[in-house]
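Visitor: Just dropping this structure here.
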Amino acid sequence: MLKFLGRRLLIALPTLLVIATLAFGLLHATPGGPFDSAKQMPAEIQRSIEAKYHLDEPLWRQYLRYMNDLAHGDLGPSFQYRNTSVNELIRAGLPVDAWVGSLALLIAVLAGGLCGFLAALKRDTRWDYVPMFFAALGIALPVFVVAPLLVLVFAVQLRWLPSGDWRAGEFRYWILPVLALALPYTAYIARMVRGAAIEVLSSPFIRTARAKGLTTRTVILRHALRPVLMPLVSFLGPAFAGVLTGSIIIESVFGLPGIGRYFLIGAINRDYTLVVGITVLYGVLIIVFNLLADLSYALLDPRVRLQP
Amino acid sequence: MSSAIAPEPRPAGQWRQAWHRLRRHPAALLALSLLGLVVLLSLVVPLISSFDYATPDWDALYQPPGRSHLLGTDGLGRDLLVRLMWGCRISLIVGVAASLVSVLIGVLWGATAGYAGGVTDSLMMRTVDILYTVPFIPLVIVLTVLFGRSFLLVFVAIGAVSWLDIARIVRAQTLSLKNREFIEAARALGLSNTRMISRHLVPNLLGVVIIYATLTVPTVILFEAFLSFLGLGVHAPLASLGTLVSDGANHLRSHPYLLTIPGLLLTLIICCFGYLGDGLRDALDPRAER
Chain A
94 MLKFLGRRLL IALPTLLVIA TLAFGLLHAT PGGPFDSAKQ MPAEIQRSIE
144 AKYHLDEPLW RQYLRYMNDL AHGDLGPSFQ YRNTSVNELI RAGLPVDAWV
194 GSLALLIAVL AGGLCGFLAA LKRDTRWDYV PMFFAALGIA LPVFVVAPLL
244 VLVFAVQLRW LPSGDWRAGE FRYWILPVLA LALPYTAYIA RMVRGAAIEV
294 LSSPFIRTAR AKGLTTRTVI LRHALRPVLM PLVSFLGPAF AGVLTGSIII
344 ESVFGLPGIG RYFLIGAINR DYTLVVGITV LYGVLIIVFN LLADLSYALL
394 DPRVRLQP
Chain B
334 MSSAIAPEPR PAGQWRQAWH RLRRHPAALL ALSLLGLVVL LSLVVPLISS
384 FDYATPDWDA LYQPPGRSHL LGTDGLGRDL LVRLMWGCRI SLIVGVAASL
434 VSVLIGVLWG ATAGYAGGVT DSLMMRTVDI LYTVPFIPLV IVLTVLFGRS
484 FLLVFVAIGA VSWLDIARIV RAQTLSLKNR EFIEAARALG LSNTRMISRH
534 LVPNLLGVVI IYATLTVPTV ILFEAFLSFL GLGVHAPLAS LGTLVSDGAN
584 HLRSHPYLLT IPGLLLTLII CCFGYLGDGL RDALDPRAER
């Protein structure tokens, strides 16, 4: 176990280094700096600003300085939001994404899991066909079509819910973003769980359990549930890392002040530190959640030996 | 496998058999014909229509779907049907071209790793593992922001990102093929390496590759649409399905048809590729016979 963790972390470090270097290199390789704005600044002011952010130093010094700060958990100051550090921006945006994302994933797991399991139990009946048709549709419907459509139906036409103009703390503002984010995940999970459940339900140990005279309920809860959950776990790891860094589309459609929006605005305005910082954060989250997924995999299935 | 023993009429070829199996898949066939229809329409409609995708018509702004403009016009009076069909062309071209790039890289990478084995294999696959954790969507966004919204860049970038899955699958397939009896038999017969690869390895890999290529196309189309939605895709007068959806989302309150029509078409295309992929999986994957 410890050896497994150690080796995984050993692989994680060079991966993070690659990510950070790639992002840093890309942003610096391109023409145009964050302070080449349309309005002309006096040369001295421009120079002093660049000196303040160390942009006047040779690239390798900037790189080493950045990596050193990064190793200490400091993502540097934002270029675009003056007097604000990237860490502060992330701290402001992360809770919003974490809430919306966790709620959406929770809905997706419950609804998708239930539909998928039901479809597998009642295979080739309408309990299978109807949900699976909607699941196929849900996978094909892109978020950037679903989100405006939800606004159109529930905010513009029915006037049940507000759209945009995010106000924190009011429950009504959470509903549409969470639904829009949950929809594709629900569809995906439903299909995945159905596939896994069909395979598990037709395997010999389930037949044995049934032959022993156990009730369907016991068979499902005690025997079938665990192996069905396995693929779900490895799916949820990266999915969780994904929602934590925010969905750019959801955030821009509903005006959520999350990380995805900071990222997009940062990328357009060449806010080096903000973009590299969020990219690194995403990399860290992916690595951490993949690790967690693998660990819980081993907990769920005693046959799995942890080998990196 | 009785054909090896008794001399019997030559069994139907791999492709004929696959076609037979595909024909038993109504959803896949429907998807295939719908896709064919979309391709045909996207080629023909801009040719025969009297409207142009770029020229504004100030007398026909925001016309709802009607007689002269079948699907209405947008905020600059441009015919939505023509723009939609141009959007289909662009989205499909990007989808197919980028998928070809990714399939090419993926097959070469995976087959080399699987065939070579040993240190080469583990080095190549470790690289894939590392690349898997690299957050590509942010990187592609940064790339397109920085290097301008070049059409070429968009699909090279997408193609370069999506080869990882194919590389893994092809490697696994190659590994399992390498130790099969018929390969050993071919080797025992003294077949040359090129002949072995072209006659025995490639035909057996092709099925899997075609399936995953079919499944890559919709993800690429979605990705391009996603970039276009953020304003990072194709340039203004030209349209892809993504830019059309994005335009529509901006006029949501007043002119919802501008969102619903492109959105539905995009969904239809993605759906069709999904069902086609499922059908092809059943038709081409030998294990699916069970």
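These protein sequences, in sequence, are chains A and B.
When you read off a place in the first sequence, starting at 1, and then add 93, the result is the number in the numbering used here.
When you read off a place in the second sequence, starting at 1, and then add 333, the result is the number in the numbering used here.
Positions of the beta carbon are idealized from the N, C-alpha and C atoms, including for glycine.
#1: Consider the Cβ of residue 447 of chain B: report whether some Cβ of chain A lies at a distance smaller than 8 Å.
#2: Please give the ranges of any beta strand (DSSP E) in the stretch 168-199 of chain A, keeping only runs that are unbroken, at least 3 residues long and fully inside the region.
#3: Work out the CA separation of residue 206 of chain A and residue 359 of chain B for me, nearest whole Å.
#4: Tell me residue 412 of chain B's beta-bridge partners as DSSP assigns them.
#5: Would DSSP call residue 350 of chain A helix, strand or coil?
#6: By the 10 Å Cβ neighbour count, where 16 or more other Cβ atoms means buried, how is residue 284 of chain A classified, buried or exposed?
#7: Does the pairing of the stretch 270-280 of chain A with the stretch 230-245 of chain A give three or more beta-carbon distances under 8 Å?
#8: Nearest-angstrom Cα distance between residue 334 of chain B and residue 516 of chain B?
#9: Shorter than 8 Å from the beta carbon of residue 363 of chain B to some beta carbon of chain A?
#10: Assign residue 600 of chain B to one of two classes, buried (16 or more other C-beta atoms within 10 Å of its C-beta) or exposed (fewer than that).
#11: Going by alpha carbons, who is nearest to residue 586 of chain B out of A:384, A:251 and A:350?
#12: Can a CB atom of chain B be found closer than 8 Å to the CB of residue 375 of chain A?
#13: Going by other Cβ atoms of all chains shown within 10 Å of its Cβ, with 16 needed for buried, is residue 418 of chain B buried or exposed?
#14: Using CA atoms only, rank isn't needed, just tell me which of B:572, B:548 and B:571 is closest to residue 602 of chain B.
#15: Determine the closest residue to residue 570 of chain B out of B:559, B:476, B:409 and B:492, with distance taken between C-alpha atoms.
#16: Please report the straight-line C-alpha distance between residue 294 of chain A and residue 300 of chain A, rounded to a whole angstrom.
#17: Using 8 Å as the limit for Cβ to Cβ distance, is residue 395 of chain A near chain B?
#18: Give me the Cβ distance between residue 331 of chain B and residue 553 of chain B, rounded to the nearest whole Å; I'm assuming they're in contact under 8 Å.
#19: Classify residue 337 of chain B: buried if its beta carbon has 16 or more other beta carbons within 10 angstroms, exposed otherwise.
#20: Hey, out of A:391, A:396, A:367 and A:331, whose CA is closest to residue 176 of chain A's CA?
#21: Below 8 Å on the Cβ atoms is my guess for residue 423 of chain B versus residue 496 of chain B; work out the distance and round it to an integer in Å.
#22: Between B:609, B:355 and B:503, which has its C-alpha nearest residue 435 of chain B's C-alpha?
#23: Using the three-state DSSP reduction, which class does residue 324 of chain A fall into: helix, strand or coil?
#24: Hey, residue 544 of chain B and residue 614 of chain B: beta-carbon distance below 8 Å or not?
#25: Residue 386 of chain B and residue 415 of chain B - do their beta-carbons sit closer together than 8 Å?
#26: Applying the 10 Å Cβ sphere with the 16-neighbour rule, what's the burial state of residue 137 of chain A?
#27: What residue from B:459, B:357 and B:546 has the CA that sits closest to residue 108 of chain A's CA?
Guide: Based on what the coordinates show:
#1: No, residue 447 of chain B lies away from the interface with chain A (no Cβ there is under 8 Å from its Cβ).
#2: Within the stretch 168-199 of chain A, no complete beta strand (DSSP E) run reaches 3 residues.
#3: Approximately 27 Å between the Cα atoms of the pair.
#4: Bridge partners of residue 412 of chain B: B:406.
#5: In the structure shown, residue 350 of chain A sits in coil (DSSP, three-state: anything other than H, G, I, E or B).
#6: Residue 284 of chain A should be labelled buried.
#7: With three or more CB-CB distances shorter than 8 Å, the stretch 270-280 of chain A counts as touching the stretch 230-245 of chain A.
#8: With a pLDDT of only 44 at residue 334 of chain B, under 50, the local geometry of the prediction cannot be trusted, and the value read off the model is given with reservation. Rounded to whole angstroms, residue 334 of chain B to residue 516 of chain B spans 16 Å at the Cα level.
#9: No, no contact with chain A.
#10: With 16 or more other Cβ atoms within 10 Å, it is buried.
#11: The closest CA to that of residue 586 of chain B, considering only A:384, A:251 and A:350, is found on A:251.
#12: At a cut-off of 8 Å between C-beta atoms, residue 375 of chain A counts as an interface residue with respect to chain B.
#13: So residue 418 of chain B counts as buried.
#14: Considering only alpha carbons, the answer is B:548.
#15: When only C-alpha atoms are compared, the closest one is B:409.
#16: Spanning the alpha carbons of residue 294 of chain A and residue 300 of chain A requires a straight line of approximately 8 Å.
#17: In terms of beta-carbon proximity, residue 395 of chain A stays away from the interface with chain B, with every pair separated by 8 Å or more.
#18: Since the first residue of chain B shown is 334 and the last is 623, residue 331 of chain B is not available in this structure.
#19: A caution first: residue 337 of chain B carries a pLDDT of 49, below 50, which makes its placement in the model unreliable, though a value can still be read off. Under this definition residue 337 of chain B is an exposed residue.
#20: Comparing alpha carbon positions, the residue from A:391, A:396, A:367 and A:331 closest to residue 176 of chain A is A:367.
#21: Incorrect: roughly 22 Å between the Cβ atoms, too far for contact.
#22: Ranking the options by Cα distance to residue 435 of chain B, first place goes to B:503.
#23: DSSP places residue 324 of chain A in the helix class (H, G or I) of the three-state scheme.
#24: Cβ atoms of residue 544 of chain B and residue 614 of chain B: closer than 8 Å.
#25: Yes. Within cutoff.
#26: The residue is exposed, with fewer than 16 neighbouring Cβ atoms inside 10 Å.
#27: Selected option, being the one with the closest Cα: B:459.
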